[in-house]
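Numbering (my numbering), first residue to last: 1441 to 2149.
Even for Gly, the Cβ is constructed at its ideal location relative to N, Cα and C.
Shown next, in the form of structure tokens:
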């Protein structure tokens, strides 16, 4: 018995220790840097203010403490007995959140694209007897991991009709409600409090990425809710020993993994948690062994069940699909235009699978060779390995929006429904970066700090939280080597919310007790907090190793340019001279002769010449640039912007091809002349050439626009 107890304590301490190390790493990283994302899904590692994060977090704790003391002194419940109770307030808050989510889904009218659209199309085709997705090279033949979400959409399509995205999004909203209720009922009955439930409900509302993901037709929210519900049912089975709870837990975990195979990490974590309970006391928890077997079955045989279901519908096997090692190979490679370890279209798993002749064994062999090359490079150059993994993890774990804004606003789509103006303005790049992004950045630090408080001050709950801890550890390790994406890490971060709430509740109660019982100890505690913050600051600022890990801010200037690029200005109507920022001696002008299509090439000439003057007219939506000497307007051929695309001067016609936006970066003094949101007017003075290119913040895209006297 003693050996079992020692082993269970060892397992517990190892789990809590690993979890604490990861969370503290993310907390310090969040303090010194943050991660932004642009419309092209490229991640930027940006400088953040450590002391502003510490100050905001301190004020947050003091506000909670002050509110707690004020409510205690006022005796509001006795003075106003008709006020809603804590449970009623929770229900009201959840109801408001539900309808707010519903309003967001209905107003944004987001249509799926990319993989979201592909799985919807495959489900529609299968419903109509078209099983070409199972052909060699077909979508399901390649992406066998998508079988579960396709079957879910297939079933929903039979009931509600195919391409009915709103139904799926409303199911997401119900899944969020279920997830929140699972978090509220997570602890033992004796530990439930109205304040805790209210805190979880409030934090769920405050954490906007959850709202953003309700539009995602990809199973992310549904799988998350099912995975957490499976754990809650396992806890109920442990307490009440009712078989129905074990059966439902198995069903929920099976469905979670079927919808998104990454949720196998949740299944493995639940299995490990049950093993921990058996080690701790086999006699008391021996009935949990049956659930352990069921959970293992849900993980191991999930693919077999999906293949059998596909075969029943189509009469054809699902096939082997791509090797999962290919995603690890991609996750260990640098050079992606999005960020190191992210998806790289030029060197993708799909391209490698195609080049392997859709032969999984050959594909796997080549992927393993690529992994070995990366591992050897990491072994031979530890500094490179540190830089690679710290940057990769910062890009996917330190994005406070977890790509939620990108999915809803920046991610291109094929839909024709336009979101209302108020929502479009609210989610605009300018407003997101001025208000929403800083808010989420501070909130991320607050949540992580709350989890650290939970680890140290709620030790009696660490065992109950082991499922969340094991899942988080598994997700962190897995996505360190797998293809990177903040979409993937989002689900693990959500698991931190109830722990953060418990951490702050316990801290506030401790502070209140110390104020009454031991003010000296309270002063020492607050002083220790500030000294710890100072020590962390000095270590990160002065120790190269720490600086390389936590101060990942190399893209700060580039991101500033990106934000400026999308912060449009209205130029006063007048005459201007447009010159490259790097060479004010020359200016943009239209040529003298047009081609056979009446398009006049652009060129550079002396900035002092009279024929370089342009007239700029701006309104709230766009600007036009007219060359005064020729009365021609800056124009894009056929209105189609493209990389290295041509730009001409053409007769005024009011078309979209002549509608530009002008942005200004007050930090660098650079103007950007933008077409169709993503292209920038660029120059090559040496070759006397003007052209379009994707925004990258380069010097070739920076202009001076000087008003003529």
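Nearest to residue 1582 by alpha carbon, out of 1921, 1803, 1969? Here residue 1582 is taken as the residue at index 142 of the chain shown, counted from 1. Answer by Cα proximity: 1803.
*Might you give, ordered along the chain, the residues of its own chain that have their beta carbon closer than 8 Å to the beta carbon of residue 2029, omitting 5 neighbours on each side?*
Against the chain shown, residue 2029 aligns to sequence position 589. Annotation for residue 2029: 2042, 2043, 2044, 2045, 2049, 2051, 2052, 2067, 2069 place their beta carbon closer than 8 Å to its own, counting only its chain and skipping 5 residues before and after.
- Integer-rounded CB distance, given that residue 2062 should sit under 8 Å from residue 2039: Sequence index remark: in the chain shown, residue 2039 carries index 599 (1-based). Sequence index remark: in the chain shown, residue 2062 carries index 622 (1-based). That pair is no contact at about 21 Å.
Starting from the N-terminal side, write out each stretch of the beta strand (DSSP E) that is 3 residues or longer and does not extend beyond the stretch 1738 to 1826. Runs of the beta strand (DSSP E) inside the stretch 1738 to 1826: none found.
(request) Please list, in chain order, all residues of the same chain as residue 2089 whose beta carbon is under 7 Å from its beta carbon, the five residues on each side excluded. (result) For the purposes of this step, residue 2089 is taken as residue 649 along the chain shown, with counting starting at 1. Excluding residues within five positions, the ones whose Cβ falls inside 7 Å are 2030, 2040, 2042, 2067, 2070, 2072, 2073, 2074, 2075.
Residues in its own chain within less than 6 Å of residue 1984 by CB, not counting five upstream and five downstream?
Within the chain shown, residue 1984 is the residue found at index 544, counting from 1. Around residue 1984: no qualifying Cβ.
Next on the checklist: On the DSSP letters alone, give me the boundaries of the alpha helix (DSSP H) that residue 1957 sits inside.
Outcome noted: The sequence position of residue 1957 within the chain shown is 517, counting from 1. It spans 1937 to 1957 - the alpha helix (DSSP H) in which residue 1957 sits, taken as one unbroken run.
**Prompt:** Is residue 1823 buried or exposed, if buried means 16 or more other CB atoms sit within 10 Å of its CB?
**Reply:** As a first step, residue 1823 must be located in the chain shown, where it is residue number 383. Flag for residue 1823 reads exposed.
- prompt: Helix, strand or coil: which one does DSSP assign to residue 2014?
  reply: For the purposes of this step, residue 2014 is identified with residue 574 of the chain shown, where counting begins at 1. Three-state result, residue 2014: strand.
Best match in 1896, 2119, 1918, 1916 for proximity to residue 1947 [C-alpha to C-alpha]: By 1-based counting over the chain shown, the position of residue 1947 is 507. Of the candidates 1896, 2119, 1918, 1916, the one whose C-alpha sits nearest the C-alpha of residue 1947 is 1896.
Exercise. Determine the closest residue to residue 1610 out of 1657, 1626, 1589, 1666, with distance taken between C-alpha atoms.
Key: By 1-based counting over the chain shown, the position of residue 1610 is 170. Taking only the C-alpha atoms, the option nearest residue 1610 is 1657.
> Any idea what DSSP makes of residue 2108, helix, strand or coil?
Replying inline: Mapped onto the chain shown, residue 2108 falls at position 668. Here residue 2108 sits in coil by DSSP.
- Task: May I ask you to report which of helix, strand or coil DSSP gives residue 2055?
- Result: On the chain shown, position 615 is the one that residue 2055 refers to. In the structure shown, residue 2055 sits in a strand (DSSP, three-state: E or B).
*Count the C-beta pairs between the stretch 1734 to 1742 and the stretch 1700 to 1713 that are closer than 8 Å, then say yes if the count reaches three, no if not.*
Result yes; three or more Cβ-Cβ pairs closer than 8 Å.
Can you tell me which of 1765, 1810, 1999 puts its alpha carbon nearest to the alpha carbon of residue 2107? Position 667 of the chain shown, counting from 1, holds the residue named residue 2107. The residue with the shortest Cα to Cα distance from residue 2107 is 1999.
Q.
Relative to the C-alpha of residue 1976, which candidate in 2077, 1470, 1455 has its C-alpha closest?
A. Against the chain shown, residue 1976 aligns to sequence position 536. Looking at the Cα atoms, 1470 is the closest of the given residues.
Just to confirm, does residue 1566 get its C-beta within under 7 Å of one of the non-hydrogen atoms of the ligand SAH? Absence of the ligand SAH from the depicted structure is noted, as is the absence of any ligand whatsoever, leaving it without description.
| query | Which residue comes first and which comes last in the alpha helix (DSSP H) that contains residue 2147? | reply | For this step, residue 2147 is matched to residue 707 along the chain shown. That residue, residue 2147, is in no alpha helix (DSSP H); its beta strand (DSSP E) goes 2143 to 2147.
Through-space distance from residue 1768 to residue 1917, alpha-carbon basis: Taking the first residue of the chain shown as 1, we reach residue 1917 at position 477. Taking the first residue of the chain shown as 1, we reach residue 1768 at position 328. Residue 1917 and residue 1768: Cα-Cα distance of roughly 12 Å.
Review point. Can you name the residues that DSSP bridges to residue 2129?
Key: By 1-based counting over the chain shown, the position of residue 2129 is 689. DSSP lists 2124 as the beta-bridge partner residues of residue 2129.
Three-state class that DSSP yields for residue 2073 in the structure shown: Stepping through the chain shown from its first residue, residue 2073 is reached at position 633. Strand at residue 2073.
Taking 8 Å as the cut-off, decide whether the C-beta atoms of residue 1448 and residue 1839 are in contact.
One-based indexing of the chain shown puts residue 1448 at position 8. One-based indexing of the chain shown puts residue 1839 at position 399. Not a contact, by the Cβ cut-off of 8 Å.
**Asked** If you drop the 5 nearest sequence neighbours on each side, which residues of the same chain put their C-beta closer than 7 Å to that of residue 2101?
**Response** Taking the chain shown and counting its residues from 1, one reaches residue 2101 at position 661. Here the set comprises 2008, 2062, 2063, 2114.
Does residue 1894 pass the burial test, meaning 16 or more other C-beta atoms within 10 Å, or should it be called exposed? Residue 1894 sits at position 454 when you count from the first residue of the chain shown. So residue 1894 ends up on the buried side.
Start-end ranges of the beta strand (DSSP E) lying completely within the stretch 1456 to 1540, minimum 3 residues: Within the stretch 1456 to 1540, the complete beta strand (DSSP E) runs of at least 3 residues are 1473 to 1477, 1483 to 1487.
Is the Cβ-Cβ distance between residue 2059 and residue 2015 less than 8 Å? On the chain shown, residue 2059 is found 619 positions in, with the first residue counted as 1. On the chain shown, residue 2015 is found 575 positions in, with the first residue counted as 1. It is not a contact, given that the beta carbons lie outside the stated cut-off.
_Integer-rounded CB distance, given that residue 1496 should sit under 8 Å from residue 1882_ = Numbered from its first residue, the chain shown carries residue 1882 at position 442. Numbered from its first residue, the chain shown carries residue 1496 at position 56. At roughly 5 Å, the Cβ-Cβ gap stays under 8 Å, so residue 1882 and residue 1496 are in contact.
* Asked: Does the stretch 1707 to 1721 touch the stretch 1587 to 1594, meaning 3 or more C-beta pairs lie closer than 8 Å?
  -> With a cut-off of 8 Å, the stretch 1707 to 1721 and the stretch 1587 to 1594 do not count as touching, because too few Cβ pairs lie within range.
Q.
Are the CB atoms of residue 1673 and residue 1617 within a distance shorter than 8 Å?
A. One-based indexing of the chain shown puts residue 1617 at position 177. One-based indexing of the chain shown puts residue 1673 at position 233. For residue 1617 and residue 1673, no; Cβs fall outside 8 Å.
Report task. Using a threshold of 8 Å, state whether the C-beta atoms of residue 1485 and residue 1743 are closer than that. Result -> In the chain shown, the residue the question calls residue 1485 occupies position 45. In the chain shown, the residue the question calls residue 1743 occupies position 303. No, these two residues do not count as a Cβ contact at 8 Å.
Can you tell me which of the three DSSP states residue 2042 falls into?
By 1-based counting over the chain shown, the position of residue 2042 is 602. Three-state result, residue 2042: strand.
*Would you mind stating whether residue 2079 and residue 2097 have Cβ atoms separated by less than 8 Å?*
Start at 1 with the first residue of the chain shown, and residue 2079 comes out as number 639. Start at 1 with the first residue of the chain shown, and residue 2097 comes out as number 657. In contact: residue 2079 and residue 2097 (Cβ atoms closer than 8 Å).
Looking only at its own chain, which residues have a Cβ that is under 6 Å from the Cβ of residue 1663, when we skip the five neighbours before and after it? Taking the chain shown and counting its residues from 1, the one referred to as residue 1663 is at position 223. Close CB contacts of residue 1663 within its chain, under the 6 Å cut and outside five residues either way in sequence, are with 1696, 1699, 1700, 1703 (chain order).
* Starting from residue 2067, trace the beta strand (DSSP E) both ways and give me its first and last residue. => Residue numbering aside, residue 2067 sits at position 627 when the chain shown is read from its first letter. First-last of the beta strand (DSSP E) with residue 2067: 2063 to 2067.
Review point. In angstroms, rounded to a whole number, what distance separates the CA positions of residue 1876 and residue 1810?
Key: In the chain shown, counting from the first residue as 1, residue 1876 sits at position 436. In the chain shown, counting from the first residue as 1, residue 1810 sits at position 370. Straight-line Cα distance between these residues: approximately 40 Å.
Measure the alpha-carbon distance for residue 1878 versus residue 1898 and round it to whole angstroms.
Within the chain shown, numbered from 1, the residue matching residue 1878 stands at position 438. Within the chain shown, numbered from 1, the residue matching residue 1898 stands at position 458. Taking the straight line from one Cα to the other gives about 29 Å.
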